[in-house]
Each structure stands twice: as C-alpha cells, then as structure tokens.
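Asks:
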Amino acid sequence: MSIEGNPLVTKIIYDVGERIGSIMAIMVNIFNPEKILIGSPLNSVKHILYPAIQRQIAQRSLPDYSKQVDIVATQFDNIGTLPAAALIKQALYNGELLLELMQG
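The opening residue of the sequence shown carries number 2 in my numbering; numbering runs sequentially from there.
#1: Ignore the nearest five residues each way along the sequence and tell me which others in I54's own chain have a CB closer than 7 angstroms to its CB.
#2: Just to confirm the assignment: which complete alpha helix (DSSP H) runs, minimum length 4, are found wholly within the stretch 12-81?
#3: Against chain D, does G96 count as a neighbour if the rule is that its beta carbon must be under 8 angstroms from one of theirs?
#4: For M2, which of helix, strand or coil comes out of DSSP?
#5: Do you know whose CA, among E97, N33, N44, lies nearest I58's CA?
#6: Please report the Cβ distance between K47 and A74, rounded to the nearest whole angstrom; I am assuming they are in contact, meaning their Cβ atoms lie under 8 angstroms.
#7: Can you tell me whether I13 is buried or exposed? The criterion is at least 16 other CB atoms within 10 Å of its CB, across all chains shown.
#8: Excluding the 5 residues flanking V29 on each side, which residues of the same chain have their C-beta closer than 7 angstroms to its C-beta?
#9: Tell me whether N7 sits in a helix, a strand or coil according to DSSP, three-state version.
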C-alpha cells in the first residue's frame with residue numbers, strides 16, 4: 002500500500018512535520034536563514050512533510066523572516082560531512098553556537 006493511500010501514515014508524517022516546523026520556527030527567529038536544508042529518509046514524502054514544516058514556520062516565526070525561508074531536500078553523499086553536522090547539532094543543543102554567534 003502506498004503512503005498516499007494510507008491516511009494514518011499521511012497524518013503521522015504531517016504531525017512529524019508540524020513538530021519539526023515548531024522547532025524550526027525558533028531557529029528561523031534566531032538565525033533568519035534564507036534556506037533550510039533537510040537530509041532525512043522522510044524526504045521521499047516531502048510533499049507531505051514540507052508543507053507542514055512551512056506552515057509552522059509561517060505561523061510561529063516573524064513574518065519578514067518566514068517569507069524568505071526555502072526548505073530544500075539534501076543528502077550527505079560524502080560521509081565525511083556527517084561528523085561536522087553532528088558537531089553543529091551538538092553546539093545548537095548545548096547553546097555553544099548561540100553564545101558564539103552573540104559574542105561575534
């Protein structure tokens with residue numbers, strides 16, 4: 002059965018997108034990015050996931066910030082980039098990156 006034919010799976014993916022979007026909205030308000038790159042196995046259902054993310058960003062972010070954000074699917078083809086991405090993620094979670102940005 003395809004995902005489009007299963008309303009429960011579609012709802013779960015949409016709910017995941019809303020949760021991700023809520024978190025992304027905070028990041029949009031802090032960093033004002035032009036583009037958000039998403040590398041995930043869920044990119045195969047981005048037609049369900051991305052609208053949910055975009056909706057939350059539009060609802061929860063500053064209007065001028067949320068208008069310019071483009072959500073783009075990406076894949077890390079080079080395994081060497083994964084450790085760097087993990088370090089950035091860790092710095093985001095523990096606040097080091099925000100402190101570094103605030104200090105200039």
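All residues carry an ideal CB built from backbone N, CA and C; glycine is no exception. For clarity, every value in this text was computed on a predicted model and none was experimentally measured.
Replies: For this structure:
#1: G18, I21, G22, M25, I72
#2: 47-61, 64-67
#3: In the structure shown, chain D cannot be found, because there is only a single protein chain.
#4: Residue placement at M2 is poorly supported in this model, since its pLDDT is 46, which falls under 50; the coordinates are not used for a value here.
#5: N33
#6: 6 angstroms
#7: exposed
#8: I58, S62, Y66, S67, V70
#9: coil
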